[in-house]
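Participant:
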Amino acid sequence: MSGEADRTSIEEEMDTGKETVEKNLKLKERKVSWAKLRRVDSLNLEAGRVSMTAHHPTKMGWRMTLSLAFQSIGIVYGDIGTSPLYVYASTFPNKIKNNDDILGVLSLIIYTIVLIPMLKYVFIVLWANDNGNGGAFALYSLICRHIKVSLIPNQQPEDRELSNYKLETPSSQLKRAHKLKDKLEGSHFARILLLLLAIMGTSMVIGDGILTPSISVLSAVSGISTSLRQEAIVGITIAILIFLFSVQRFGTDKVGFTFAPIIFTWFAFIAGIGIYNIFKYDIGVLRAFNPKYIYDYFKRNGKQGWLSLGGVFLCITGSEAMFADLGHFNVRAIQISFTCITGPSILAAYCGQAAFLRKFPEKVANTFYESIPDPLYWPTFVVAVAAAIIASQAMISGAFSIISQALSLGCFPRVKVVHTSTKHQGQVYIPEVNYMFMIACILVCAAFKTTEKMSHAYGIAVVGDMMITTNLVSLIMLVIWKKNIWRVALFYMVFGFTEFIYFSSQLTKFTGGGYFPIVTAIFLTTVMGIWHYVHKERYMFELKNKVSNEYLSELANNTDVRRVPGIGLLYSELVQGIPPIFPHLIASVPSIHSVVVFVSIKAIPVSRVASEERFLFRQVKPREYRIFRCVVRHGYNDVLEDPVDFESQLIQNLKAFIQQESFMLEVEGTANEQGRSTTTSNNPSSRIIPNQAVSQASSDSIRSLGVSATKSSTFSSPPIQGTEEEIKFIDKALEKGVVYMLAEAEVVAHPNSSILNKIVVNYAYNFLRKNFRQGQNLLSIPRNRLLKVGMTYEI
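If you use full-length UniProt numbering, the sequence shown corresponds to residues 1 to 795, in order.
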C-alpha cells in the first residue's frame, strides 16, 4: 500500500509539474503576442484576450430553413410581387399595335426575371454578404475590411482580432488580386469613388423607399377606377399612405406574422388567375420562352422597342430587397422562397395577363384587374391593397436600415434611431426620416396622379442601385474572392451590359418624371458627402493635434490642477491618443476627476460586434495618473445601449482591464514594465486652436466636478496598490458619481481655404448640424450629468 501511495504521489507531482510547465509556456506565448501588439500605437492590451476564432453561423436544419423561407415571403417580395399590377400598362402606354408584340414583351419579362433576380441576386450577389447583411454599405464595409480604403485612418490591428471581422480569403494567393489591392489602397481617387458608390447606392434605395409606397398603393387602389374619378383615387391613396407612415413607430415586428400569409395568399391568387387565363384565352403564349421573340420584337419596333424597356424593367423592381433584407434570414431561405414560390408565381401572372391581352389588346391600360374572373374580383382587390401596403412597409423599413448603417459610418447627419424589435436588431424606426418620407410620398402622388407617369420615375432609382451593386460585387470577386478574371469579366459584362441597356431606356423618360429619383439621389449624395467630408476633416484635425506626453508631465507638476472624487468620461471621436479638447477643459475648469476615461465610439466595418469584445482599453502612463483610453467598438447594426447599461458595462470592463494589467505586470516583471512604459501618443508639434470657453455646464455637473480644496488632491492621486485595492478605488470613485464630458467642436473653414470649402463647412455643414440632433441626444447622455466643452476647429 505504501508503494502504491508513493507512486500515486510521484504521478501527482509529475502532473502538477507538467501543468506548471504548460501554464508557463502559455503565459510566455501570450506575453510574446502582447509584446508584438505593444509595438503599435493603438489600444491593444485588451485585444490580447479576444478570441481569434470566427463565429460561424450555426448550420440550420431544413425545418428552420423552410420556416425562414416562408417568413421571407412577407418581408422580401412585396415589391417584386406587386409589379404585375402595372408592368403591361407601363410598357404599352400608347396601346398595342401588333399582337405579336405581346409575345416579345412577355419573353423580355421572362428572361429579365431569370437573369437579374434569379441568376444575379439569388445565386451570386447573396453570397457577397457582410456577416449575413446586405446592401450597398454592407458591400462597402466588406471591402474596407480587406482593403484599407476608408477615408478616416482609424483602423487598428486589434479590429482584425474581432470574431465577426471574418477575413476568410481563398488559399490561392493571386498576384493580380494583390496588385489591385495595392493600387486601390494607394489611390485617393479610388477611396473617394468607392465611398461615393456606397452613398449613391444608399441614395437610390432611399429614393426607391419614397416611390414604392406611392406607385404600389396607387396601382392597387386603381382597381376601383370604374366607379371613381382619378382625383378620388389619388385622395384614397394619400389617406392610406398617411395611415401607413403613422403606424411605422410600432415597428414591422408587431405585424410581421401577418405579412407572410397575406403575401403568400397574393402569390396564390396571381398564380392561379394566371394559369386560369393561360388555358382560357391562349396557351400559345408559352412560346415566349423561346428568346427568338425578343429578336423579332426589336426588329419590328426598333427605337420604340428600346423605349419600352423602361416599362419591362418594372417587373424586377424590388430585386434589391432580396439582398438588403438578407440580415433577417439566410441565403438558403431566400433561394428556396424565390425559386419555389415567388419566381413561378409572378411568371404565371405575366403569362396569364399576356394570354388575356392576346384576345383583348385594347384593355392594356388596366390589364391586371380586367383579367380577373368576376367572382374573384373583390377578394383579389382587397388582397392587392394589403399586398401593396406590405410592399411599401418592406421598402420603408429597408430605407430606415440603410440610413442607420450610413449614420454609424459617419455618412449621415445625426438622427434618432429607434429599435422596434428585440428579435431583429435590423428593424429600426427613424422619426425624422419617416415624416420626410410621408411628405415626399404625398407630393409624388399629388404631382404624378397616375401609375404610368410615376413609372417613369420609378425605374431609374432601381436600375441605378443595381448597377452600383454590380460594380461593387465585381470588385469583391476580384480582390476578396480571388475569382478567375474571365469569370469576373463574364459577370460584369452580362449583368452590367443588361442593366446599362435598361438604364439608357429609363433616361429617355427624364422629362416625364425620371428627373425625380436623379434629383433626389444627387441631393442625398450631396448631403451625405458633405457630412462625411467634415466628419473626416474633424477627425484628421484631432489626430494632428492630439495631446503630447510633455503636456501630461507639465500637468502633473501643476499645483493648480486638482483631482476630485468621481469618474469622468470624456467623449471624442479620436481612437488613438488623447484629444485636444482635454487641455481646453483643464484651462476652463482646473480640476479633473480621480479616474478619467477618454471614450471614443468607433464604428467597425462589420454588422455586429460581440458584447465581450466591444470595449478596448489602454492606460495612459504613469499608472498613478489613473487615466485610461477606451474605444467602444460597434457594428452598423448594433444598438447603442441605454446610458445606465452602458455605464455599468464600461466600469465592469475597466475593472477587468485593471485585473489583466496587474496580471501582465506580474508575468513580465519589473524590468519589462519599465521597458514598455513609453506612451506612443507623442506629438510635440500639436497645435490647439485658442479655446472658446465651456459652452454648457449644468449646476449639477459643476458641483460634481468640485473645485473645493477640501475635497481635492494632487494630480497623481494615491499610489498604485494591489489589484483589489485598485478596484476598490474605482468603486469608491463610482460612488461619488459619473460625469459625462462631451466635446462639442464648432467647425469653421480655415481662413486660407478655398471658397468652396468655406461654403461647404461654414454654411452647408453647420446648417445640417444645427437642424439635426446634437451629440448628447444621439448618445442618450443624462442631461443632469452632462458637461459640454466647446472649442473651435479650423479645417
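Yeah, the Cβ is synthetic: ideal placement off N, Cα and C, and Gly gets one too. Treat the numbers as computed from the prediction; the structure is a model and nothing was measured.
Can you tell me which residues form a DSSP beta bridge with alanine 603?
Facilitator: According to DSSP, which records beta bridges pairwise, alanine 603 is partnered with His634.
Participant: Contact defined as beta carbons within less than 8 Å: I believe valine 595 pairs with alanine 733. What is the distance between those atoms, to the nearest angstrom?
Facilitator: About 5 Å; that satisfies the 8 Å criterion.
Participant: Would you grab the beta carbon distance between histidine 584 and valine 739 for me? Rounded to a whole angstrom, and I think it's under 8 Å.
Facilitator: Wrong, their Cβ atoms sit about 16 Å apart, outside the cutoff.
Participant: Tell me the residue span of the beta strand (DSSP E) that contains glutamate 744.
Facilitator: That run of the beta strand (DSSP E) goes 738-748.
Participant: Who are the Cβ neighbours of isoleucine 430 in its own chain at under 8 Å, not counting the five residues just before and after it?
Facilitator: Taken in chain order, the residues that qualify are Phe400, Ile403, Ser404, Val415, Lys416, Val417 and Val418.
Participant: Mind checking if isoleucine 278 is an interface residue toward chain D, Cβ cutoff 9 Å exclusive?
Facilitator: Among the chains of the structure shown, chain D does not appear; only one protein chain is present.
Participant: What residues in its chain sit with their C-beta under 8 Å from that of methionine 118, if we drop five residues either side in the sequence?
Facilitator: Around methionine 118: Phe338, Thr339 and Gly343.
Participant: Would leucine 85 and serine 222 qualify as a contact pair, given that the criterion is a beta-carbon distance under 9 Å?
Facilitator: Yes. Within cutoff.
Participant: Helix, strand or coil for phenylalanine 615 per DSSP?
Facilitator: In the structure shown, phenylalanine 615 sits in a strand (DSSP, three-state: E or B).
Participant: Could you check which residue in Tyr281, Met477 and Thr237 has the C-alpha nearest to that of threonine 451?
Facilitator: Of the candidates Tyr281, Met477 and Thr237, the one whose C-alpha sits nearest the C-alpha of threonine 451 is Thr237.
Participant: Suppose the cutoff is 6 Å on Cβ atoms and the five residues either side in sequence are ignored; what does the same chain contact list for glycine 318 look like?
Facilitator: For glycine 318, where only same-chain residues beyond five positions count, the Cβ hits under 6 Å are Asp79 and Ile80.
Participant: Identify every residue that forms a DSSP beta bridge with threonine 792.
Facilitator: Its beta-bridge partners are Glu746.
Participant: Taking all protein chains shown into account, do 16 or more other C-beta atoms lie within 10 angstroms of the C-beta of alanine 457, making it buried, or fewer, making it exposed?
Facilitator: Alanine 457 comes out buried.
Participant: So what's tyrosine 571 in DSSP terms, helix, strand or just coil?
Facilitator: DSSP places tyrosine 571 in strand when its eight states are reduced to three.
Participant: Alpha carbon to alpha carbon, how far is histidine 146 from threonine 526?
Facilitator: So the alpha carbons of these two residues sit roughly 27 Å apart.
Participant: By DSSP, does aspartate 101 sit in helix, in strand, or in coil?
Facilitator: Note: aspartate 101 maps to helix in three-state DSSP.
Participant: Taking the straight line between their C-alpha atoms, what separation do you get for proline 57 and tyrosine 293?
Facilitator: For proline 57, the predicted model reports a pLDDT of 42, less than 50, meaning its position is unreliable; a value from the coordinates is still stated below. Roughly 45 Å separates the two Cα atoms.
Participant: Work out the CA separation of leucine 244 and isoleucine 439 for me, nearest whole Å.
Facilitator: Cα to Cα, isoleucine 439 sits roughly 12 Å from leucine 244.
Participant: Go through its chain and collect everything with a Cβ distance to tyrosine 551's Cβ below 7 Å, but skip five positions before and after it.
Facilitator: Hits under 7 Å: Pro583.
Participant: Does valine 21 pass the burial test, meaning 16 or more other C-beta atoms within 10 Å, or should it be called exposed?
Facilitator: For valine 21, the predicted model reports a pLDDT of 48, less than 50, meaning its position is unreliable and no value from the coordinates is stated.
Participant: Please list, in chain order, all residues of the same chain as isoleucine 152 whose beta carbon is under 6 Å from its beta carbon, the five residues on each side excluded.
Facilitator: Closer than 6 Å at Cβ, skipping near neighbours: Lys536 and Tyr539.
Participant: Excluding the 5 residues flanking glutamate 231 on each side, which residues of the same chain have their C-beta closer than 6 Å to its C-beta?
Facilitator: Nothing listed; no residue qualifies.
Participant: Among Ser90, Ile396, Phe628 and Ile316, which has the Cα closest to the Cα of aspartate 208?
Facilitator: Nearest option by C-alpha distance: Ile396.
Participant: Which residues share a DSSP beta bridge with phenylalanine 491?
Facilitator: Answer is none; phenylalanine 491 lacks a bridge partner.
Participant: Would alanine 406 and alanine 321 qualify as a contact pair, given that the criterion is a beta-carbon distance under 9 Å?
Facilitator: Not closer than 9 Å, so no.
Participant: If you run the structure through DSSP and keep just helix, strand and coil, what is proline 565?
Facilitator: Three-state DSSP puts proline 565 in a strand.
Participant: Give a yes or no on contact between the segment 85-97 and the segment 303-314, applying the rule of three or more CB pairs nearer than 8 Å.
Facilitator: A contact exists between the segment 85-97 and the segment 303-314.
Participant: Rounded to whole angstroms, what is the Cα-Cα separation between isoleucine 442 and glutamine 353?
Facilitator: Roughly 30 Å between the two C-alpha positions.
Participant: Given that a residue counts as buried once 16 or more other Cβ atoms are within 10 Å of its Cβ, and exposed if not, what is methionine 467?
Facilitator: Buried.
Participant: Am I right that isoleucine 336 and leucine 66 are in contact with their C-beta atoms under 8 Å? What's the rounded C-beta distance?
Facilitator: Right, the Cβ-Cβ distance comes to about 7 Å (below 8 Å), so this counts as a contact.
Participant: Give the range of the alpha helix (DSSP H) segment to which proline 782 is assigned.
Facilitator: Element bounds for proline 782: n/a, residue is neither H nor E.
Participant: The alpha helix (DSSP H) spanning glutamine 393 covers which residue range?
Facilitator: It spans 377-408 - the alpha helix (DSSP H) in which glutamine 393 sits, taken as one unbroken run.
Participant: Taking just the CA atoms, how far does isoleucine 124 sit from proline 622?
Facilitator: Approximately 54 Å between the Cα atoms of the pair.
Participant: For glycine 305, which option in Phe646, Lys97 and Leu409 has the closest C-alpha, if you only look at C-alpha atoms?
Facilitator: Among Phe646, Lys97 and Leu409, the Cα nearest to that of glycine 305 is on Lys97.
Participant: Which residue comes first and which comes last in the alpha helix (DSSP H) that contains tryptophan 531?
Facilitator: Here the alpha helix (DSSP H) through tryptophan 531 covers 515-544.
Participant: Rounded to the nearest angstrom, how far is the Cβ of leucine 184 from that of leucine 472, given a contact under 8 Å?
Facilitator: Incorrect: roughly 12 Å between the Cβ atoms, too far for contact.
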